[in-house]
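Chains as they are written, first to last, in our numbering: chain A, 40 to 344; chain B, 3 to 161. Cβ atoms here follow ideal geometry from the backbone N, Cα and C, with glycine treated the same way.
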């Protein structure tokens with residue numbers, strides 16, 4: 040959220056730069072302390088109130104964040120960080136229409152703000168409006184072609200929409216632009232899974248762990264991707280991907296099985312042809328039921344390294 | 003900003019509210035497999051309210067009843083239930099189960115579309131859906147008993 044022009048006097052600039060330094064080092068608590076101290080000298084600085092709101096949001100101090108937002112908006116109703124915080128709080132509480140309003144307000148004040156565009160695309164994707172999310176991200180990337188968040192999210196959306204070549208292209212661009220970002224490797228890993236590339240996903244999750252071993256949920260993602268790569272689970276992984284693209288999922292196959300079981304003999308197809316089809320279907324059903332326990336057993340024998 | 007791309011596109015249906023312990027609509031497809039049209043229909047109508055789907059009972063309930071009656075009538079047309087016909091052999095139950103499942107699955111797949119969309123919004127939160135197996139089992143058993151009596155009465159009427 041650094042696109043808002045800073046027009047503060049020098050000492051305020053020093054406070055802000057110190058707070059941003061703490062924020063960049065994941066020390067949101069130190070950043071909020073610095074900003075609170077600064078606000079005792081500059082109580083009318085909307086930007087500092089807004090920045091404080093961001094740091095409080097990052098610490099999950101929602102009520103205090105709301106207070107800081109109220110102060111920021113009192114000083115300047117167009118303060119961007121406050122609208123960003125309000126949208127995040129609304130998303131957290133499931134008020135998606137309200138979140139959309141705050142993000143669009145932010146974009147009205149600053150139409151070229153890529154951070155707001157990416158956040159808006161994230162909200163649209165969350166509410167299953169992937170087509171519009173994709174268009175918003177295309178606009179964001181036209182302004183800032185190497186934006187890490189926009190490239191990662193667009194890659195995931197493209198993979199969701201089965202545009203695998205485009206997903207791959209965005210993954211590559213994201214990695215080229217930010218090879219040392221754990222977040223990029225995580226997004227690329229997630230997108231690779233959706234595109235049916237579990238081995239590549241596992242590699243990126245591993246690299247993300249090497250960059251930032253404490254990233255929340257990363258170890259679980261790595262374990263999950265490793266599970267998909269085991270030979271006992273690999274057919275199930277691809278089968279699940281196929282099913283996700285078919286209306287009715289496994290029930291469509293069940294209907295096809297019913298029709299085949301009744302229809303083929305009635306059409307005069309010999310039993311020696313019908314029987315292997317039906318036995319094959321039943322065998323595959325049995326595999327889908329035991330794939331999970333079988334993989335658990337395999338993981339006990341060959342655990343994750 | 004007058005850009006169409008940045009015009010509001012979300013409605014109150016996209017908000018994570020009005021949920022009341024919903025069941026996962028994907029699991030209702032299993033009820034269609036084991037219980038057929040009526041059992042799935044009853045649970046779908048209840049789940050509509052739990053998911054806060056806009057009221058569509060006015061046309062959904064008659065449609066479910068028509069499809070269920072249609073499945074029974076179709077079975078009676080395929081299987082001979084007159085004395086000396088197929089009624090005594092397992093063909094009646096088998097044919098009815100097949101028709102009931104196929105119609106139930108197709109109906110569930112179409113009518114569950116709004117529920118799936120709402121459930122995806124529900125999944126953005128941290129709450130867990132309500133387990134379905136007890137109500138599903140209850141609905142399947144109750145509807146099976148009802149269908150058994152309908153078939154018995156229909157066969158007795160033919161004698």
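Cβ shell of residue 324 (chain A) (< 6 angstroms), same chain only, five flanking positions each side left out: none
Rounded C-alpha distance that separates residue 74 (chain A) from residue 147 (chain A): 27 angstroms
Coarse secondary structure for residue 320 (chain A), derived from DSSP in three states: helix
Contact list for residue 293 (chain A) against chain B, beta-carbon separation under 8 angstroms: 35, 107
Contacting residues, own chain, Cβ-Cβ under 6 angstroms from residue 171 (chain A) (five flanking each side not counted): 163
Chain A contact residues for residue 119 (chain B), given Cβ-Cβ distances below 7 angstroms: 167
Cβ neighbour criterion (16 or more within 10 Å) applied to residue 126 (chain A): buried
Cβ pair residue 67 (chain A), residue 98 (chain A) closer than 8 angstroms: yes
With 16 other Cβ atoms within 10 Å as the buried cut-off, status of residue 244 (chain A): buried
Beta carbon of residue 31 (chain B) nearer than 8 angstroms to that of residue 110 (chain B): yes
Backbone secondary structure at residue 21 (chain B) - three-state DSSP: coil
Assigned exposure category for residue 149 (chain B) - 16 Cβ within 10 Å defines buried: buried
Residue 339 (chain A) versus residue 251 (chain A) - alpha carbon distance: C-alpha separation (whole angstroms): 27 angstroms.
7 angstroms Cβ shell around residue 276 (chain A) - same chain, five flanking residues per side excluded: 237, 267
Own chain partners of residue 20 (chain B) with C-beta closer than 6 angstroms, once the 5 adjacent residues on each side are dropped: 54
Beta-carbon proximity of residue 34 (chain B) to residue 106 (chain B), cut-off 8 angstroms: Going by C-beta atoms, residue 34 (chain B) is nearer than 8 angstroms to residue 106 (chain B).
CB contact check: residue 36 (chain A) to chain B, cutoff 8 angstroms: Shown here, chain A extends from 40 to 344; a query on residue 36 (chain A) therefore has no answer.
Coil, strand or helix - residue 9 (chain B) by DSSP: coil
Where the alpha helix (DSSP H) containing residue 239 (chain A) begins and where it ends: For residue 239 (chain A), the enclosing alpha helix (DSSP H) begins and ends at 237 to 250.
Meets three-Cβ-pair contact criterion under 8 angstroms: the region 174 to 191 of chain A and the region 202 to 219 of chain A: yes
Alpha-carbon spacing of residue 96 (chain A) relative to residue 26 (chain B), whole angstroms: Each residue's alpha carbon lies about 32 angstroms from the other.
Backbone CA spacing between residue 65 (chain B) and residue 261 (chain A) [nearest angstrom]: Looking at the two C-alpha atoms, the distance is approximately 47 angstroms.
Touch test, the region 104 to 115 of chain A against the region 74 to 94 of chain A, Cβ-Cβ under 8 angstroms, three pairs minimum: These segments touch.
Exposure label - residue 8 (chain B); buried when at least 16 CB within 10 Å: Burial call: buried.
Proximal residues to residue 320 (chain A) (C-beta, below 6 angstroms), its chain only, five neighbours per side dropped: Counting only residues of its own chain and dropping the five nearest sequence neighbours on each side, residue 320 (chain A) has a CB closer than 6 angstroms to the CB of 296.
Under 7 angstroms by beta carbon: chain B residues contacting residue 175 (chain A): 7, listed in chain order.
Cross-chain neighbours of residue 341 (chain A) in chain B, by beta carbon under 7 angstroms: Chain B residues near residue 341 (chain A): none, gap ~32 angstroms exceeds 7 angstroms.
Proximal residues, the region 110 to 143 of chain B versus chain A, C-beta separation under 7 angstroms: Considering only beta carbons, the part of the region 110 to 143 of chain B lying closer than 7 angstroms to chain A consists of 111, 119, 122, 123, 126, 127, in chain order.
Cα-Cα separation, residue 59 (chain A) to residue 60 (chain B): 57 angstroms
For residue 38 (chain B) and residue 142 (chain B), the rounded distance between their alpha carbons: 8 angstroms
Residues that residue 143 (chain A) contacts on chain B, provided the C-beta gap is smaller than 7 angstroms: 8, 10
Straight-line Cα distance separating residue 15 (chain B) from residue 147 (chain B): Inter-residue distance for residue 147 (chain B) and residue 15 (chain B) is about 38 angstroms (C-alpha atoms, whole angstroms).
Chain A residues whose Cβ lies nearer than 8 angstroms to that of residue 100 (chain B): Within chain A, the residues 297, 301 have their CB atoms less than 8 angstroms from the CB of residue 100 (chain B), given in chain order.
Alpha-carbon to alpha-carbon, residue 114 (chain B) and residue 43 (chain B): 10 angstroms
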